[in-house]
Amino acid sequence: MTTVIKNGTIVTADLTYKADVLIDQGKITQIGIGLKGDRTVDATGCFVMPGGIDPHTHLEMPFMGTYSADDFESGTRAALAGGTTMVVDFVLPGQGQGLMDAAQMWHNKSGRANCDYSYHMAITWWGQKVWEDMELSVKAGMTSFKHFMAYKGALMVNDDELYQSFKRVGDLGGLAMVHAENGDVVAELTAKLLAEGNTGPEAHAYSRPPQVEGEATNRAIMIADMAGVPLYVVHTSCEDAHEAIRRARMQGKRVWGEPLIQHLTLDDSEYQNPDWDHAARRVMSPPFRNKLHQDSLWAGLQSGSLSVVATDHCAFTTEQKRYGVGNFAKIPNGTGGLEDRMPMLWTHGVGMGRLTMNEFVAVTSTNIAKILNCYPQKGAVLVGADADLVVWDPEKSKTIGAASQQSAIDYNVFEGKVVKGLPRYTLSRGVVSVDDGEIKTREGHGKFIARDPRPAVNRALSAWKDLTAPRPVARSGIPATGV
Ligand code: URP
Ligand code: ZN
Ligand code: ZN
Ligand code: ZN
């Protein structure tokens, strides 16, 4: 059975034009005027865009003594409800656990996904086994590797490990990723605040000032350059980190920054709310920042120095957040946002004149598809691409609230915010998952998207002196595709 999306305006990262889209067996097979199909999806008055890709989620993840509350079913249902058609989740090996063993655990959970997904691999400890498994990870399509520079005593890796791992990622043609906060300084500030009796959620923000993020971002960029590996900085929240990324890009380094929709639209005054639950629900790392940092992130999206808007969806219920009553350091870190990323960014970006529609598509979908090397299978409206599409109604509005959300948690950090611009239809490989506003997801429909490595293109700038020297070759033997 074929489906045709009719009478809409196609919006991609670089073009806006009127055309219908024909879908057969999950792929886009034709784009043109006056197309016919077995089923018609009416896009009158709407924009037809690549479905969103959220490259930063933590679904059913063991963390800080509990599990994040949204699993692959509720998480991907929330994603589709908000126009996102692919998520990239982090496989988090335990201390001493092999990478492929951890990937199998993730695979067991992800069978329930309603939309397509891929994985980043986290490097949470270092040793021969990890070094060996990294090649297997790349061969299995998990080509991006995240490193935590924070969470001392748990997930944090030190500079020696970071350098060893970055070199290995570079050799394999992979992408290095960092959670950039100076974990040593955070640990000391946390201990000091607690000793002084600052135990409430507002102290979480005091324990992680912008400087700890700026320092770690600079350090990661320098180490990545020396290791000759491209670097993706997750949840860039402040000017201090943005400045480092901006400068690196101007120097010709292949570095990307990822602001979150939460940091773009919510600020640190949330932590001053006298309601403990209100503030604790917003505890995440890095914490929300002041308006000046927010302006910096918006400017980065506008100028292109920041490339991707994600959520870091890592949702905990109020009950879980209360593990940290009397000690902010025990509040599980993380917030939700999967369902709200696209409508919030459209409202505050396109609606307020900060972003063009094409820039919106770039930062919610196309840029990350290119960075993660799954373009144009994902992130494109092109013949041959997967029919992961959103029919976006710019006139449709709602007030965000926990009562009507798909996420399993009992609150929403955007509660009460009005958004204008919502999906009328969301299609996951051609399957209509939001149908004229109604949620009709199919559990288990989602497929794992394996990604090929890239050629090792980010040779250290210092190595440019001799461009005739042989280039590092990806060891996996899998040819790189895409941009
Ligand atoms: O607070 C956060 N961000 N929780 C999720 C884990 C991480 O650091 O990305
Ligand atoms: Zn499976
Ligand atoms: Zn992180
Ligand atoms: Zn995260």
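Residue 526 in the working numbering sits at position 151 of the sequence shown; the count goes up by one each step and never skips.
Think of the CB as a built atom: it goes at the ideal place given N, C-alpha and C, for glycine as much as any other residue.
Just so we're clear, the structure is a prediction, and the values are computed from it rather than from any experiment.
{"Check": "Give every residue of the same chain whose Cβ lies closer than 7 Å to the Cβ of Ala685, excluding the five residues on either side of it in the sequence, and list them in chain order.", "Outcome": "Asp429, Pro430, His431, Glu633, Leu635"}
{"Check": "What is the rounded straight-line gap between the Cα of Tyr392 and the Cα of Met732?", "Outcome": "12 Å"}
{"Check": "By alpha-carbon positions, which one of Lys381, Gly548, Val553, Ala783 ends up nearest to Phe465?", "Outcome": "Val553"}
{"Check": "Between which two residues does the alpha helix (DSSP H) containing Tyr581 stretch?", "Outcome": "577-581"}
{"Check": "How many angstroms separate the CA atom of Ala566 from the CA atom of Thr574?", "Outcome": "10 Å"}
{"Check": "Return yes when the C-beta of Ser443 is under 7 Å from any heavy atom of ligand 3, and no when it is not.", "Outcome": "no"}
{"Check": "Using DSSP with H/G/I as helix, E/B as strand and the rest coil, what is Trp721?", "Outcome": "helix"}
{"Check": "May I ask you to report which of helix, strand or coil DSSP gives Trp500?", "Outcome": "coil"}
{"Check": "Over the uninterrupted alpha helix (DSSP H) stretch that includes Gly558, give me the two end residues.", "Outcome": "558-570"}
{"Check": "With H, G and I counted as helix, E and B as strand and the rest as coil, what does DSSP make of His554?", "Outcome": "strand"}
{"Check": "Between Asp687 and ligand 4, is the CB less than 7 Å from at least one heavy atom?", "Outcome": "yes"}
{"Check": "My output table needs one value for Thr377: the three-state DSSP class, helix, strand or coil.", "Outcome": "strand"}
{"Check": "Could you give the distance in angstroms between the alpha-carbon of Asn489 and the alpha-carbon of Gly409?", "Outcome": "31 Å"}
{"Check": "Run the proximity test for Val609: is its beta-carbon closer than 7 Å to any non-hydrogen atom belonging to ligand 4?", "Outcome": "yes"}
{"Check": "From which residue to which residue does the beta strand (DSSP E) around Val793 run?", "Outcome": "793-803"}
{"Check": "If you draw a straight line from the C-alpha of Trp506 to the C-alpha of Thr377, how long is it?", "Outcome": "46 Å"}
{"Check": "Using 8 Å as the threshold, is the C-beta distance between Thr518 and Leu550 below it?", "Outcome": "yes"}
{"Check": "Pop quiz: Pro718 and Val765 are said to be a contact at Cβ under 8 Å. What is the actual Cβ separation, rounded to whole angstroms?", "Outcome": "Not quite, the Cβ-Cβ distance comes to about 11 Å (not below 8 Å), so this is no contact."}
{"Check": "Compare the C-alpha of Val758 against each of Arg414, Pro425, Lys696 and name the closest.", "Outcome": "Pro425"}
{"Check": "Which of the three DSSP states is assigned to Tyr646 in this structure?", "Outcome": "helix"}
{"Check": "Going by DSSP, name the residue or residues bridged to Pro430.", "Outcome": "Pro430 is not bridged to any residue."}
{"Check": "Just reading off the beta strand (DSSP E) that Ile706 is part of, what are its end residues?", "Outcome": "No beta strand (DSSP E) holds Ile706; DSSP gives it neither H nor E."}
{"Check": "Quick one: what's got a C-beta closer than 6 Å to Arg452's C-beta in the same chain, skipping five residues either side?", "Outcome": "Asn489, Gln781, Thr816"}
{"Check": "Nearest to Gly861 by alpha carbon, out of Pro576, Trp721, Gly712?", "Outcome": "Given a span of 376 to 858 for the chain in the structure shown, any question on residue 861 remains unanswerable."}
{"Check": "Considering only C-alpha positions, which residue in the set Ala555, Glu536, Thr692 is nearest to Gln503?", "Outcome": "Glu536"}
{"Check": "Among the candidates Ala555, Asn648, Leu569, whose CA atom is the shortest distance from the CA of Gln610?", "Outcome": "Inspection of the sequence shows that residue 610 is occupied by His rather than by Gln. With distances taken between Cα atoms, His610 lies closest to Ala555."}
{"Check": "Under 7 Å from any heavy atom of ligand 3, does the C-beta of Ser660 make it?", "Outcome": "yes"}
{"Check": "DSSP on Ala685, reduced to helix/strand/coil?", "Outcome": "strand"}
{"Check": "Is it the case that the CB of Gly709 approaches a heavy atom of ligand 1 more closely than 7 Å?", "Outcome": "yes"}
{"Check": "Just to confirm, is the Cβ distance from His495 to Val544 under 8 Å?", "Outcome": "no"}
{"Check": "Kindly confirm or deny that the region 647-658 and the region 688-707 touch, where touching means at least three C-beta pairs closer than 8 Å.", "Outcome": "yes"}
{"Check": "Contact between the region 435-449 and the region 410-423 is defined here as three or more beta-carbon pairs at a separation below 8 Å; is this criterion met?", "Outcome": "no"}
{"Check": "State the Cα-Cα distance for the pair Asp395 and Val379, rounded to the nearest angstrom.", "Outcome": "7 Å"}
{"Check": "With a threshold of 16 other CB atoms inside 10 Å of the CB of Ala580, please say whether the residue is buried or exposed.", "Outcome": "buried"}
{"Check": "What's the C-alpha gap between Pro854 and Gly776?", "Outcome": "With a pLDDT of 40 at Pro854, under the threshold of 50, the predicted position of this residue should be treated as unreliable, and no value is reported."}
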